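Below is one structure; the comments refer to it alone.
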Amino acid sequence: MTAPSMSSTPDERATGFATHEVLNQPGPFENYNAYAGDTPLVEAVRVFAGDWAADHLKRAGTLVGSAEVQCLARQANRHLPELRTHDRFGHRVDIVEFHPAYHELMALIFGCETHSFAWTHERPGAHVARAALSYLWNQGENGICCPMGMTFASIAALRHDRELLAEWVPLINRAAYDPHPVYAKKKTGITVGMAMTEKQGGSDLRATITTAQPATARRGSGAPYLLTGHKWFFSVPMSDLFLTLAQTDKGLSCFLATGWLPDGSRNRLKLQRLKDKCGNKSNASSEVEFFGLRAVMLGEEARGIRTIIKMAHATRLDFAVGSSGLMRQALSQAIHHTSNRRVFQRSLIDQPIMRNVVADLAVESEAMMWMSMRLAQALDRSEADNAEALLSRICTPVAKYWACKRAPQFVAEALECHGGNGFIADHLMERLYREAPLNGIWEGTGNVICLDVLRSMQREPETVEIFLGEIAKARGANARLDAFTDDLTHRLANPTGLEPVARRVVEMMALALQGSLLLRHSPSAVGDAFCATRLDGDWGQAFGTMPQGLDTQAIIDRARIGDGT
Ligand SMILES: Cc1cc2nc3c(=O)[nH]c(=O)nc-3n(C[C@H](O)[C@H](O)[C@H](O)COP(=O)(O)OP(=O)(O)OC[C@H]3O[C@@H](n4cnc5c(N)ncnc54)[C@H](O)[C@@H]3O)c2cc1C
1 MTAPSMSSTP DERATGFATH EVLNQPGPFE NYNAYAGDTP LVEAVRVFAG DWAADHLKRA
61 GTLVGSAEVQ CLARQANRHL PELRTHDRFG HRVDIVEFHP AYHELMALIF GCETHSFAWT
121 HERPGAHVAR AALSYLWNQG ENGICCPMGM TFASIAALRH DRELLAEWVP LINRAAYDPH
181 PVYAKKKTGI TVGMAMTEKQ GGSDLRATIT TAQPATARRG SGAPYLLTGH KWFFSVPMSD
241 LFLTLAQTDK GLSCFLATGW LPDGSRNRLK LQRLKDKCGN KSNASSEVEF FGLRAVMLGE
301 EARGIRTIIK MAHATRLDFA VGSSGLMRQA LSQAIHHTSN RRVFQRSLID QPIMRNVVAD
361 LAVESEAMMW MSMRLAQALD RSEADNAEAL LSRICTPVAK YWACKRAPQF VAEALECHGG
421 NGFIADHLME RLYREAPLNG IWEGTGNVIC LDVLRSMQRE PETVEIFLGE IAKARGANAR
481 LDAFTDDLTH RLANPTGLEP VARRVVEMMA LALQGSLLLR HSPSAVGDAF CATRLDGDWG
541 QAFGTMPQGL DTQAIIDRAR IGDGT
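Residues in the sequence shown are numbered consecutively from 1, following this note's numbering.
Structure below.
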């Protein structure tokens, strides 16, 4: 616990007007290593073959856990981005001005190769190590994870056109951030965004009404087009490169545009306004109009959804990872606070009900982390192993759905562990609370994600078999998991007609996967607690309702951030 300090001045004390000492306030949780001190994460990275990157991850862990990054994150969320449509002479400029703290954070996350590590290190475990970087940075500042995640995922879409990939990949993968509003190829590092959602449809992108006219006689991937229309959401409007969708006379197609043109002028877009958001405030999200935007087609004409979906798949993984990271940060804060705050002669964490709450959160957090990292491994192996590609295909949306669904409830409970302090705006918990619902919305809301899982099962029925095979790796280890899996297998036997109950089915898939992973890789205290609560009846609707007889001490000890030695 931090030493008591006087809240009054020496003058007040000398004159006898001192009011009180500051007692029993835990102080900030900072200057720790968010990687090396996180035992479950270190183990998952090792199990999934990413531990050759341990030194790199430790460096990122030091940054993320530092007081400096916490301070920058606070500043970037206090001093919000501002839109400047015109310069002082009346010319349109369409730029966003950020607080210097935002730029510093962007330089740190891109400097850590969080957007590129998986693409620049062609060896097993590269996606796992990158996912760990993303998991860490989602504990540092979420607003910078949006541009980082889209830049990472853009490579998957660019693979539809070898020439465009070759043209842009070296720049995209540079471990640098350059905020200058100039043409991408004149910069030391670039960010990539995407502008898909229109007013009349975000989930239903086929409703897109932006149009694309060929700029020359050439058509198809790589050919130049002029786009006219609007986008209702365009995050990171300072993106150097972005993907978008528009209708040609043949159908909905994907396009790639630069933010600025080679002659230095802004591409033909107008930023209408910035969104006033509930969370994710350091990051600018805008509304935009294209008036003859210069772009090139990416991928096959009229197959725009197919092109963009590759990017969406990668960002969905990042949101599962991101929400898991967010939960980890909330848990670390809750453990710190409850360990250093005393009530009724004991540390909060030693009060039996609080112990149940924190242990329950710890089980949830570890389960999310293992699921996310396993899917990073599946992505890693996808090129060489079709079964892993199918597992990635069906389970990435499962993980995205479940991690994003659980995050708001999880963060609310962790916030409550802090009492009133957690609800106050200069506390990190308040920011996490406002952030928590967002990953569930972009890149596919809950229902849309569940429909995607059903689509995989119907179009590629072997995905179900692959998924059940993954769960079966823990067969026999816990009777509850076996019974739960039998029930799930029965439900999955006929995927047609599952739409009305899709949420329950996808939730069960996530729980079965998490149970199987914990039983195989975590200490029995964690795996047993998971199965006794999530897979069986004696668990309530709130955190902190685990039954008696579980080893809560062991669970909390494991979740506590250590010194990493
Ligand atoms: C902060 C923020 C930043 C964003 N940044 C970007 C960005 O950079 N680029 C971009 O393109 N978009 C961005 N988005 C938009 C986001 O991707 C969309 O809001 C999202 O895809 C949902 O689309 P919508 O808002 O049109 O809602 P709708 O599609 O209208 O969905 C409303 C509800 O209906 C449900 N629903 C939809 N279809 C079905 C169905 N068939 N069955 C049952 N339920 C259904 C959905 O699950 C949802 O709950 C951003 C959003 C936010 C909040």
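C-beta: ideal position from N, C-alpha, C; glycine also.
The model shown is predicted, which means the values in this text are computed figures rather than measured ones.
Item	Value
Going straight from the alpha carbon of T248 to that of L241, what length do you get?	21 Å
Touch check for the region 432-444 and the region 398-407: three-plus C-beta pairs under 8 Å?	yes
Do three or more CB pairs link the region 83-99 to the region 268-276 at distances below 8 Å?	yes
Just the residues with CB closer than 7 Å to a heavy atom of ligand 1, in chain order, which are they?	G193, M194, A195, M196, T197, G201, G202, S203, D204, K231, F233, F234, S235, V236, K275, K277, N280, S285, L438, I441, W442, E443, G444, T445, G446, N447, V448 and L451
Residues in the same chain with beta-carbon distance under 8 Å from K199, minus the five sequence neighbours each way, listed in chain order, please.	H230 and W232
In this structure, how does DSSP classify T485 when only helix, strand and coil are distinguished?	helix
Tell me, to the nearest whole angstrom, how far the beta carbon of A330 is from that of F410; I am working on the premise that it is less than 8 Å.	6 Å
Roughly how many whole angstroms lie between the Cα atoms of V22 and T315?	45 Å
Tell me the rounded alpha-carbon separation between P124 and R381.	7 Å
Roughly how many angstroms lie between the CA atoms of P81 and S116, to the nearest whole one?	25 Å
Would you report the Cα separation of L261 and A295, rounded to the nearest angstrom?	10 Å
Excluding the 5 residues flanking R434 on each side, which residues of the same chain have their C-beta closer than 6 Å to its C-beta?	C278 and G279
For M1, which residues from the same chain have a beta carbon less than 6 Å from its beta carbon, with the 5 sequence-adjacent residues on both sides left out?	Summary for M1: the model assigns pLDDT 38, below 50, so the residue's position carries little reliability; its value from the coordinates is reported in the next sentence. Hits under 6 Å: N340.
Starting from Y401, follow the alpha helix (DSSP H) in both directions and report where the run begins and ends.	N386 to C417
Tell me whether T244 sits in a helix, a strand or coil according to DSSP, three-state version.	strand
Comparing C-alpha positions only, which one of A320, C254, P352 and M354 sits nearest to I305?	C254
Can you tell me where the beta strand (DSSP E) holding S285 begins and where it ends?	S285 to L298
Secondary structure at I424, three-state DSSP: helix, strand or coil?	coil
Quick check for students: name the residue ranges of the beta strand (DSSP E) that lie wholly in the region 152-237, counting only runs of 3 or more.	192-195, 211-214 and 224-235
For E12, which three-state DSSP category applies?	helix
Under three-state DSSP, which class holds L256?	strand
What is the DSSP secondary structure of K310, counted as helix, strand or coil?	helix
In the DSSP assignment, the beta strand (DSSP E) including T85 goes from what residue to what residue?	E82 to H86
Which residue spans inside the region 72-136 form an unbroken beta strand (DSSP E) run of at least 3?	82-86 and 92-97
With 16 as the cutoff for other CB atoms within 10 Å, does F17 come out buried or exposed?	exposed
Do A407 and S323 have their C-beta atoms within less than 8 Å of each other?	yes
Could you check whether C417 and H337 sit closer than 8 Å to each other, using their CB atoms as the reference points?	yes
Could you pull out every residue in the same chain whose Cβ sits closer than 6 Å to the Cβ of R480, ignoring the five residues on either side in sequence?	C531, L535 and D536
Quick one: is P461 buried, meaning 16 or more other Cβ sit within 10 Å of its Cβ, or exposed?	exposed
Name the DSSP beta bridge partners of S347, please?	R342
With burial defined as no fewer than 16 other Cβ atoms inside 10 Å of the residue's Cβ, what is the status of D385: buried or exposed?	exposed
Run through DSSP, which three-state label would A3 get?	For A3, the predicted structure reports a pLDDT of 45, less than 50, and the residue's modelled location is therefore unreliable. A value from the coordinates is still provided. DSSP places A3 in coil when its eight states are reduced to three.
What does the alpha-carbon distance come out to for the pair R159 and A153?	11 Å
Tell me whether the beta-carbon of H99 lies closer than 8 Å to the beta-carbon of H121.	no
Looking at D161 and G27, is the spacing between their C-beta atoms short of 8 Å?	no
Distance check for D487 and R503, CA to CA, integer angstroms please.	15 Å
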